[in-house]
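Going down the list, the sequences are from chains A and B. When the first sequence is numbered by the working numbering, its final residue is 256 and no position is left out of the sequence of numbers. When the second sequence is numbered by the working numbering, its final residue is 256 and no position is left out of the sequence of numbers. From the three backbone atoms N, C-alpha and C, an ideal C-beta is built for every residue, glycine too. The structure displayed is predicted, hence computed values, not measured ones. What follows is a set of notes on a single structure, which appears directly below.
Number of protein chains: 2
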Amino acid sequence: MSNLLTTSDEILASARTLITSGGYNGFSYADIAGVVGIRKASIHHHFPSKVDLVRTLVERYREDAELGVAALEQDVQDPLELLKAYAGHWANCIEDASRPFCVCALLASELPALPPEIAGEVKAFFRFLSAWLTSVMERGSREGALNLSSQPRVEAEAFMASVHGAMLSARAYGTPEVFPAILAPTLQRLSPTVAQ
Amino acid sequence: MSNLLTTSDEILASARTLITSGGYNGFSYADIAGVVGIRKASIHHHFPSKVDLVRTLVERYREDAELGVAALEQDVQDPLELLKAYAGHWANCIEDASRPFCVCALLASELPALPPEIAGEVKAFFRFLSAWLTSVMERGSREGALNLSSQPRVEAEAFMASVHGAMLSARAYGTPEVFPAILAPTLQRLSPTVAQ
DNA sequence: GACAGCCTCCCTACCAGAAGGTAGACAGGG
DNA sequence: CCCTGTCTACCTTCTGGTAGGGAGGCTGTC
């Protein structure tokens, strides 16, 4: 059976889906086994412990994000369009219910109860995302492509918080359209064309 | 032993602390028993099932919030000051680590995995908070006390999302000061004194 | 080419502990 | 006498994790 995905990839994928819906303590090896069609014990062959599994998952998640951002910056130069692309990515994920929540945002919420190795990876993701958004804000400010009212770092943090909060609201209300509705004014405000 | 708090209040309080740090599946009856100094079975006397316990907790949480908001509106009239008071409340809670996260924000993140009765209560909290913030925005807009750039409803949702996202970031970074730093520009922007 | 050895991957069977929850007894107060 | 609140003791199910074995594929050596 020439699978397109390796078993360990399938395990990671189903773990991601499960963790996205219920957090670190919201899924078990048995759940994954059920989805992947494998026995519980076999998962331990790929990931000795649950901590290994989730640490790998978050690690990979950040790497994917780094690659995604790098690819995006190849295609898109305009800072505002970059921010729109980032927000749009999540709008789509929420809309089609494929990946309705950021793994790291969810894990961050239960950070105090997380094994330290995983907590570290989650923090690393936040640092990465914040650094990227800050760089976008900085460049936008320099080039006059963004209309900032605070320091780039603060604008970046505020933007990230809006995205995460909007994700949460979309989930709470069960209505995907609330996400773009929340982000729209923020993006509008950052647009240089409507500067005062 | 004339306790100030009844046992069931103590159970609810410790459940709240525990749930705040690790979510619905992040704590057990045994954990509560350890904190309160009671046996596991005794908790079932007060709350037959875990669902009962958490549903009551969230119910009470919303009632407290409703009372708190009502009391606040007695003291404070100015809409901007109301928003500042709300943000300030959380800034304090995060700062002194007493209640570093909103129970409902945390539960909302794991909403798909929550028992429906609890999910319903969480949604009710979001609706309440949104309704209140919308009413504040509406009045602020009417009275010229707030500088809105979108419809009151949208501004309210965006503000709530900022607060929740900022909470998450403060937790992720482990630095409380990030919360007020994120909220400051948002409040600044809403201030009528710096209107364009 | 044959075969031994090893490695990968998955299996069954099991384990100890923790999960939520129940049954029933006992103490104290109204 | 009953009601409230707590206890001990126990149950079932699920939890992450282990032990050991078997099938299949690759490789090195004769």
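Ala131 of chain A sits exposed, since fewer than 16 C-beta atoms from the chains shown fall within 10 Å of its C-beta. With a cutoff of 8 Å on beta-carbon distance, Leu247 of chain A and Ala147 of chain A are scored as near each other. The alpha-carbon of Ala205 of chain A is positioned some 12 Å away from that of Leu143 of chain A.
Here DSSP, grouped into helix, strand and coil, assigns Ile242 of chain A to helix. Contact annotation: Val136 of chain A and Cys164 of chain A have beta-carbon atoms that are not nearer than 8 Å. Taking the Cα of Leu250 of chain A as reference, the smallest distance to any Cα among A:Pro172, A:Ala216, A:Met227 and A:Cys153 is reached at A:Ala216. Where Ser210 of chain A is concerned, there is no enclosing alpha helix (DSSP H), because DSSP gives it neither an H nor an E. Here the C-alpha atom of Pro139 of chain B lies approximately 23 Å from the C-alpha atom of Ala184 of chain B.
Leu65 of chain A carries a coil assignment under DSSP once its states are collapsed to helix, strand and coil. With respect to the C-alpha of Ala221 of chain B, the residue from B:Leu166, B:Ala179 and B:Asp124 having the closest C-alpha is B:Leu166.
The straight-line gap separating the alpha-carbon atoms of Asp156 of chain B and Phe87 of chain A is approximately 32 Å.
The Cβ of Lys100 of chain B sits no closer than 8 Å to any Cβ of chain A. Taking 8 Å as the threshold, the shortest C-beta distance from Thr116 of chain A to chain B does not fall below it. Between Glu70 of chain A and Val96 of chain A, the C-beta gap is smaller than 8 Å, which places the two residues in contact. With respect to chain B, the C-beta atom of Arg249 of chain A has a partner C-beta closer than 8 Å.
Not a single CB atom of chain A sits nearer than 8 Å to the CB of Met197 of chain B. Using a Cβ-Cβ cut-off of 8 Å, Val111 of chain A does not count as an interface residue toward chain B, since no Cβ of chain B sits closer than that to its own. Within the region 222–235 of chain B, the residues whose Cβ lies closer than 8 Å to any Cβ of chain A are, in chain order, Ser222, Val223, His224, Gly225, Ala226, Leu228, Ser229, Arg231, Ala232, Tyr233 and Gly234. When only Cα atoms are considered, Ala75 of chain B and Leu113 of chain B end up about 8 Å apart.
For Asn207 of chain B, no CB of chain A lies under 8 Å from its own CB, so it is not counted at the interface with that chain.
In its chain, beyond the 5 residues on either side, Tyr84 and Asn85 have a beta carbon closer than 8 Å to the beta carbon of Ala173 of chain B.
Residue contact check for Pro245 of chain B against chain A: a CB pair falls below 8 Å.
Not a single C-beta of chain A is nearer than 8 Å to the C-beta of Lys144 of chain B. DSSP places Pro172 of chain B within a helical segment (H, G or I) once states are collapsed to three.
Pairing Phe239 of chain A with Ala218 of chain B, the inter-Cα distance amounts to about 9 Å.
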